Amino acid sequence: MTGNLRGTTQTALLPLAFVLFLAEFARSAFLISFLPIYAAEKLGFSAAAAGLAVSIHYAADTAIKIAAGFFLDRFSSRALLHVSFVSALAGVCLAFAGTQPWTLVAGAALLGVGLSPLWLLCLSRVQEGQRGGQIGLIYAVWLSALGAGPVAINFALERGGYGFSFWLLAGLLVLGWALGAGWRPIERPAEHRNRRLSASRQIGQLRRKLRSMKPLLPGMVLQMAAVGLLVPILPAFATGSLGLSLSEYSLVMIAGGGCAVALLVPMGWLADRFGHMRFLVVGFAGMAVSMLLVLFAASGLPAALAAAVLLGLSCAAALPAWNALLARFVPEEQKGTGWGVLSSVEGIGIMIGPAIGGWIAEQYGATTTVVVSAALMAVLALFYGLRPIELRTRARHKAGDRV
182 MTGNLRGTTQ TALLPLAFVL FLAEFARSAF LISFLPIYAA EKLGFSAAAA GLAVSIHYAA
242 DTAIKIAAGF FLDRFSSRAL LHVSFVSALA GVCLAFAGTQ PWTLVAGAAL LGVGLSPLWL
302 LCLSRVQEGQ RGGQIGLIYA VWLSALGAGP VAINFALERG GYGFSFWLLA GLLVLGWALG
362 AGWRPIERPA EHRNRRLSAS RQIGQLRRKL RSMKPLLPGM VLQMAAVGLL VPILPAFATG
422 SLGLSLSEYS LVMIAGGGCA VALLVPMGWL ADRFGHMRFL VVGFAGMAVS MLLVLFAASG
482 LPAALAAAVL LGLSCAAALP AWNALLARFV PEEQKGTGWG VLSSVEGIGI MIGPAIGGWI
542 AEQYGATTTV VVSAALMAVL ALFYGLRPIE LRTRARHKAG DRV
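Using this note's numbering, read the sequence shown as starting at 182 and increasing by one per residue.
Laid out in structure tokens, this is it:
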């Protein structure tokens, strides 16, 4: 049985995972490295314009998810994939060809609109009984692309300039589009049924199925907010409070990210076997401890490396388990819309986190921001450690199926 499921994973999910890797590689390269440098040095725009473009990108990414999920449930998956890459390519071209701040912002927004549905396509193909392992694969692909994209585009900018870098980004998107065009999804019977249902009836069904997700709402928002708190202060905290050089900071990031990427899939398979709630609680607790380790251990590279490795291990334990639990609340016949709703709720946390984190750091210092983030993770570990949500989910899910 396990072998059959893994074979299904390889045929249904691996091609999409590779498409996702190319798309996320291009996205991270564009947002983290290309856009800020191109906007400041080539176009002469302020840092505020580049920051606004990045914020609008993620806002558009979050806002489009529900509509994209609804589209995915009612129409062809391949049609959505084509629309996604057309929008993403148009966004990169507009940002590169335009000479006004609004073209930069509009291009970043189109890129967000285009790439957002790719996550839903991947998540909608996750198989029952293999949720942790398959979601671990998706996140491993994302983290790998997130780390490799900016490094590669920095090298391209240094060696080939803006034009070469733009064509590299566009080429990656075209390659992803071409590979996606060759993908032949196996259409689920539910996709046929959804085409005959009215929008209001689908929304009503989804509301009934997702009513039991209330125990997971705190985690959906707070864990992403806790991560977002650290975004504005990490470089300054590492170099100022910990006394790390930029190269040492990069080494710490590589150690933590590499640990997470290497362990996401194994941790996902283990969570499928031994229970998702156990890995979720351990992961949240480990994140809290890793942040506190930085604060209370001796400053410097060894403590930072130890904290980064523990953080990577904790993320590898928590991420697949968390999303496998979320998958329990996604109706089988409305996977696209269900994942769109859940992703949009989680997006609220990542949108508000950086703003709150920046305010806390300005008022009380970067160390306080780290303490608040660690406290939120500790509260989540305690909350889910005391509540048998996994068992409750099964019961409620079955009840919802009878409605």
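Quick reminder that beta carbons are idealized off the backbone N, C-alpha and C, glycines included. This one's a predicted model, so the numbers in the text were calculated from it and none came from an experiment.
Classified as exposed, W540 has fewer than 16 neighbouring CB atoms from the shown chains inside 10 Å of its CB.
Under the three-state reduction of DSSP output, Q311 falls in the coil class, being neither helix nor strand. A436 and L492 have their C-alpha atoms spaced approximately 10 angstroms apart. For the pair F564 and A502, the CB atoms are not nearer than the 7 angstroms cut-off. L261 places its beta carbon 7 angstroms or farther from that of F251. With a threshold of 16 other beta carbon atoms within 10 Å, Y219 meets it and is buried. Linking L444 to L451 through their CA atoms gives a straight-line distance of about 10 angstroms.
Taken in chain order, the complete alpha helix (DSSP H) segments of 4 residues or longer contained in the segment 454 to 508 are 457 to 477, 482 to 508. Assignment of G546 by DSSP, reduced to helix, strand and coil, places it in the coil class.
Look at the beta carbons and you see the segment 325 to 332 not touching the segment 525 to 540: under three pairs across the two are nearer than 8 angstroms. DSSP places V511 in the coil class of the three-state scheme, outside both helix and strand.
The C-alpha of V355 lies about 8 angstroms from the C-alpha of F266. If you look at G295, you'll find it in the alpha helix (DSSP H) that goes 282 to 304.
Taking C-beta separations shorter than 7 angstroms and ignoring five residues to either side along the sequence, the partners of S554 in its chain run A407, L410, L411, M472, following chain order. The residue from L500, E222, W348, G464 with its alpha-carbon nearest to that of A271 is W348. Within 10 angstroms of the beta-carbon of R340 lie fewer than 16 other beta-carbons, which makes it exposed. G293 and F465 have their C-alpha atoms spaced approximately 29 angstroms apart. A contact between stretches requires three or more CB pairs, one per stretch, nearer than 8 angstroms, and the segment 232 to 239 fails this requirement with the segment 356 to 364. By alpha-carbon distance to A321, the top candidate from F202, L299, G467, H238 is F202.
When only Cα atoms are considered, A326 and G352 end up about 15 angstroms apart.
Shown here for G361: same chain residues with a beta carbon closer than 6 angstroms to its own, the five before and five after excluded, namely V200, L262 in chain order.
In its chain, beyond the 5 residues on either side, L403 have a beta carbon closer than 8 angstroms to the beta carbon of V560. For I218, the three-state secondary structure derived from DSSP is helix. By the 16-neighbour rule on beta-carbons within 10 angstroms, R306 is buried.
In the DSSP annotation of this structure, the continuous segment of the alpha helix (DSSP H) that includes K246 starts and ends at 246 to 255. In terms of Cβ geometry, G439 and G317 do not form a close pair [threshold 7 angstroms]. Judged by DSSP secondary structure, L195 falls within the alpha helix (DSSP H) whose first and last residues are 195 to 209.
The C-beta distance from L304 to A210 rounds to 23 angstroms, too long to meet the 8 angstroms contact threshold. For A469, same chain residues with a beta-carbon under 7 angstroms away, outside a window of 5 residues either side, are A555, M558, A559, A562 in chain order.
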